[in-house]
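For the first sequence, the numbering used here assigns the number 120 to the initial residue and increments by one for each residue that follows.
Glycine is no exception: its CB is placed at the ideal position from the N, C-alpha and C atoms.
Small disclaimer: the values here were computed from a predicted structure and weren't measured.
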Amino acid sequence: MAATLSAADIHCTLQPNSDSNRSIFFTSPLRLPNRRRFFTVSCSSSSKSLPKPPPDLEDIHPQNPSLSDQLKSISTTLLNENPTKDQQSKKTQLLTKPKSTWVNPTRPKPSVLNLQRQKKTQQYSHNPQIRDLKHFAKKLDECETSEAAFMEAIEEIPHPPSRENSLLVLNSLRQWQKTLLFFNWIKTQKLFPMETIFYNVAMKSLRFGRQFQLIEDLANDMINDEIELDNITYSTIITCAKRCSLFDKAVEWFERMYKTGLMPDEVTYSAVLDVYAQLGKVGEVMSLYERARASGWVPDHIALAVLGKMFGEAGDYDGIRYVLDEMKSLGMQPNLVVYNTLLEALGKAGKPGLARSLFLEMVESGITPNEKTLTALVKIYGKARWAKDALDLWEQMRSNGWRMDLFLCNTLLSMCADLGLEEEAERLFDDMKESMNFRPNSWSYTALLNTYGSGGNVDKAMKLFDEMSETGVEVNVMAVTCLIQCLGRAKRIDDLVRVFEFAMERGVKPDDRLCGCLMSIISYFEGEDVNKVLALLQHANPELVSFIKLLEQDKTSFETIREEFRGIINATIVNARRPFCNCLIDICRNGNLHERAHELLYMGTVYGLYPGLHTKTPDEWRLNVRSLSVGAANTAFEEWMGTLSKTIDQKEELPKLFIATTGAGTHKLAEGLASAFESQVKKLAAPFRQSEEKAGLFQATREDIVAWAQSKAPPSLAVTS
DNA sequence: CTGTCGTGAA
Numbered sequence: 120m121a122a123t124l125s126a127a128d129i130h131c132t133l134q135p136n137s138d139s140n141r142s143i144f145f146t147s148p149l150r151l152p153n154r155r156r157f158f159t160v161s162c163s164s165s166s167k168s169l170p171k172p173p174p175d176l177e178d179i180h181p182q183n184p185s186l187s188d189q190l191k192s193i194s195t196t197l198l199n200e201n202p203t204k205d206q207q208s209k210k211t212q213l214l215t216k217p218k219s220t221w222v223n224p225t226r227p228k229p230s231v232l233n234l235q236r237q238k239k240t241q242q243y244s245h246n247p248q249i250r251d252l253k254h255f256a257k258k259l260d261e262c263e264t265s266e267a268a269f270m271e272a273i274e275e276i277p278h279p280p281s282r283e284n285s286l287l288v289l290n291s292l293r294q295w296q297k298t299l300l301f302f303n304w305i306k307t308q309k310l311f312p313m314e315t316i317f318y319n320v321a322m323k324s325l326r327f328g329r330q331f332q333l334i335e336d337l338a339n340d341m342i343n344d345e346i347e348l349d350n351i352t353y354s355t356i357i358t359c360a361k362r363c364s365l366f367d368k369a370v371e372w373f374e375r376m377y378k379t380g381l382m383p384d385e386v387t388y389s390a391v392l393d394v395y396a397q398l399g400k401v402g403e404v405m406s407l408y409e410r411a412r413a414s415g416w417v418p419d420h421i422a423l424a425v426l427g428k429m430f431g432e433a434g435d436y437d438g439i440r441y442v443l444d445e446m447k448s449l450g451m452q453p454n455l456v457v458y459n460t461l462l463e464a465l466g467k468a469g470k471p472g473l474a475r476s477l478f479l480e481m482v483e484s485g486i487t488p489n490e491k492t493l494t495a496l497v498k499i500y501g502k503a504r505w506a507k508d509a510l511d512l513w514e515q516m517r518s519n520g521w522r523m524d525l526f527l528c529n530t531l532l533s534m535c536a537d538l539g540l541e542e543e544a545e546r547l548f549d550d551m552k553e554s555m556n557f558r559p560n561s562w563s564y565t566a567l568l569n570t571y572g573s574g575g576n577v578d579k580a581m582k583l584f585d586e587m588s589e590t591g592v593e594v595n596v597m598a599v600t601c602l603i604q605c606l607g608r609a610k611r612i613d614d615l616v617r618v619f620e621f622a623m624e625r626g627v628k629p630d631d632r633l634c635g636c637l638m639s640i641i642s643y644f645e646g647e648d649v650n651k652v653l654a655l656l657q658h659a660n661p662e663l664v665s666f667i668k669l670l671e672q673d674k675t676s677f678e679t680i681r682e683e684f685r686g687i688i689n690a691t692i693v694n695a696r697r698p699f700c701n702c703l704i705d706i707c708r709n710g711n712l713h714e715r716a717h718e719l720l721y722m723g724t725v726y727g728l729y730p731g732l733h734t735k736t737p738d739e740w741r742l743n744v745r746s747l748s749v750g751a752a753n754t755a756f757e758e759w760m761g762t763l764s765k766t767i768d769q770k771e772e773l774p775k776l777f778i779a780t781t782g783a784g785t786h787k788l789a790e791g792l793a794s795a796f797e798s799q800v801k802k803l804a805a806p807f808r809q810s811e812e813k814a815g816l817f818q819a820t821r822e823d824i825v826a827w828a829q830s831k832a833p834p835s836l837a838v839t840s
């Protein structure tokens, strides 16, 4: 038993490994009860006294009368029964498994799942009848789906519909309609009692046809006819609900299972784990997972991939760490799919460094990355603007001859746009046209357009767009947006209008992103050009144009602005809301509507579009304008200085240090923001100085601020209240 | 041949 983990080891792996209070490991209410339960049980000297049901189980299944039965230890099941040979070997397997978490089998351990899978009944013995019956099933499948046609066909059954023969036919039918007809037919024949297995086989076929309602009806028939529902029944119901995206139904049936006192086996448990993961119910997943682990369940690669993916979707780095630590403590070597899932998850959690080291570990362990691995990593390096790592990886891909597919090539092209690698993008694009066995599609064209666009290469971008429209590649809204952005920056307004109109003729539907792009162009144009772009925006989103008109009218009240703004923002997809607000502020400032700009910034803050804009600690107050446009950042700075003046007038306590950050300029939006911000600081004669070692970091001391406020009393910058 | 779960693109 040298390699066996101790109970303490197991629970050490459950400890939070970060003190972040966002960690689910602190917030999960089920964590502490679980641990307490474990120690109560494992420290008990009497092996006979069963532990009381833990409170967390009662919370989830309050009406279950037999919960303590469910905690029946697996050890008593295995040791008290007269084991068959098969069970004996299973037991030995469990006890000698090097990484078994079962510490002492003579002690009872609370179990929430049955570690023994429900057994399948004996396979059909080999029998010449089988061929006949299968052939018959095929004929039933091929006949018309009407009941009359079916009843006619069934007359030709080659052998009497005994229990075994019926089961064979039932299991061989592919169409769920036929399965149901045949099932009902054998039921009316009443040659033998309908057992659970008949329902299970029928349900499996119905699941293939995604007929959840019919499955639920059958299950209710079983309950009414007092036919036992077993683990196979429940797992079939649950997975069918899942495939039909009826997650609430999946959960409902799992809870019903608990209420009847049936203990899930590992198959049912795994299925439910995935249900909760897909619902994003991290707390429930972890609670189920830990309870199963405490029962001695050893998770497989798939279960851990399910956890990893879930944490990735939640952007939860601690969770991803937990999965890695868990595998280490289980002595499990991740396979290719698990690595891919975790790399993807680390990308979503914004951890490029950890992704890189995990990739190195993967390659060192001898696993060859596939297209999905490389796609995930290329995307991560591109988004992080890690040019060196990205190019090194690309070189490594070439020298190792790792296979590429369309996804990977397109991700590489997008990375080129992020890093400004025009030549590399062109070379890859040509390779795709000539030597690879897939052609560039609309994603490829869009990525290359974006590369040209962010490099300011307008003519190449236009030429590429022409090529795209001529070669029959779908002209999509993303490509149009990239090109329009590029033409806007180059002030080629008539080309811009032509491209927009061409796209509309081609059936492109403008989306919020395109509207945001048009609005940003409006914000830096003047005169007749503004009207030309407004006309395009009128076509794409008339409400936005009305709102802009409203902003420009003096008589519009703040109340009206607030109401209309709310309507606009609610109708906008979440990740376009902040850009919208930024653009609207820019438009106001460009049109000398400074008061409106402050109103918009206020509402944007109220609607949570600028989280973390201002943070206060006793030592420093910080204004973070990283995600703001130039106009919005200037507005925010004015607002802040105004507030500071007031604070000083009212003799409130101030911190030692004041900081404003614009970011270093690695992000597209931040380019030029630092310099624009600096001139704004000068304009207001504010005492902030840009740090010499860190661009985009502006600092002022308390003394600076107080002196500044006193020199310019009375404050005139606090425009809105 | 009564049941489960995992990987990629603005």
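- Annotation for PHE619: the continuous alpha helix (DSSP H) segment containing it runs 612-624.
- Per the C-alpha coordinates, the member of ARG410, GLY415, ALA413 and VAL404 positioned closest to ALA424 is VAL404.
- Within the model, the alpha-carbon separation for TYR721 versus GLY710 is close to 18 Å.
- By the neighbour-count criterion, in which 16 or more other beta carbons inside 10 Å mark a residue as buried, GLN604 falls on the buried side.
- Under the 10 Å beta carbon count, LYS361 is surrounded by 16 or more other beta carbons and is classified as buried.
- DSSP places ILE778 outside any alpha helix (DSSP H); the residue lies instead in the beta strand (DSSP E), whose first and last residues are 776-780.
- When beta bridges are read from the DSSP output, ARG821 appears opposite no residue.
- Judged by DSSP in its simplified three-state form, ASN595 adopts coil rather than helix or strand.
- Per DSSP, the unbroken alpha helix (DSSP H) holding ASN343 starts and ends at 331-343.
- The region 722-735 makes no contact with the region 646-656; the number of CB pairs closer than 8 Å stays below 3.
- Residue burial is scored here from C-beta neighbours: LEU407 has at least 16 other C-beta atoms within 10 angstroms and is therefore classed as buried.
- Taking a 10 Å sphere around the C-beta of MET429, we find 16 or more other C-beta atoms and assign the residue as buried.
- Here GLY399 is exposed. Its C-beta has fewer than 16 other C-beta atoms within 10 Å.
- Shown here for PHE311: same chain residues with a beta carbon closer than 7 Å to its own, the five before and five after excluded, namely ARG282 in chain order.
- Spatial neighbours of TRP295 in its own chain (CB-CB distance under 8 Å, excluding positions within 5 residues in sequence) are listed in chain order as SER324, LEU325, PHE327, GLY328, GLN330 and LEU333.
- Taking the Cα positions, LEU703 is about 34 Å away from ALA506.
- Judged by DSSP in its simplified three-state form, TRP416 adopts coil rather than helix or strand.
- Residue pairing of ASN519 in beta bridges, as defined by DSSP: absent, with no partner found.
- In the three-state scheme derived from DSSP, where H, G and I count as helix and E and B as strand, ASN743 is classed as strand.
- Classified as buried, PHE301 has 16 or more neighbouring CB atoms from the shown chains inside 10 Å of its CB.
- For PRO280, same chain residues with a beta-carbon under 7 Å away, outside a window of 5 residues either side, are ILE305, GLN308 and LEU310 in chain order.
- Going by DSSP, HIS733 is part of no alpha helix (DSSP H) but of the beta strand (DSSP E) stretching over 733-735.
- Per DSSP, the beta bridge partners of LEU816 are THR780.
- DSSP places ARG697 within a helical segment (H, G or I) once states are collapsed to three.
- Between MET534 and TYR564, the CB-CB gap reaches or exceeds 9 Å.
- When the Cα atoms are used, GLY646 and GLY750 turn out to be separated by approximately 19 Å.
- Contact annotation: SER748 and SER639 have beta-carbon atoms nearer than 9 Å.
- Excluding the 5 residues flanking it on each side, ASN660 has same chain C-beta neighbours closer than 6 Å at CYS634, in chain order.
- Sequence-distant partners of ILE499 (beyond 5 residues in either direction) whose C-beta falls short of 6 Å from its own C-beta, in its chain, are GLY466, PRO471 and ALA474.
- Counting along the chain, no alpha helix (DSSP H) covers TYR643, and no H or E run does either.
- Between the alpha carbons of GLY686 and VAL599 lies a distance of about 27 Å.
- Annotation: TRP416 to GLU490 spans about 33 Å, alpha carbon to alpha carbon.
- Spatial neighbours of ASP673 in its own chain (CB-CB distance under 6 Å, excluding positions within 5 residues in sequence) are not present.
- Two segments are said to touch when three or more pairs of C-beta atoms, one from each, lie closer than 8 Å; by this definition the region 229-238 does not touch the region 258-277.
- The beta carbon of LEU606 is closer than 6 Å to those of ASP614 and LEU615 in its chain, skipping five residues each way along the sequence.
- Separation of TYR458 and TYR395 (C-alpha to C-alpha, rounded to the nearest whole angstrom) is 22 Å.
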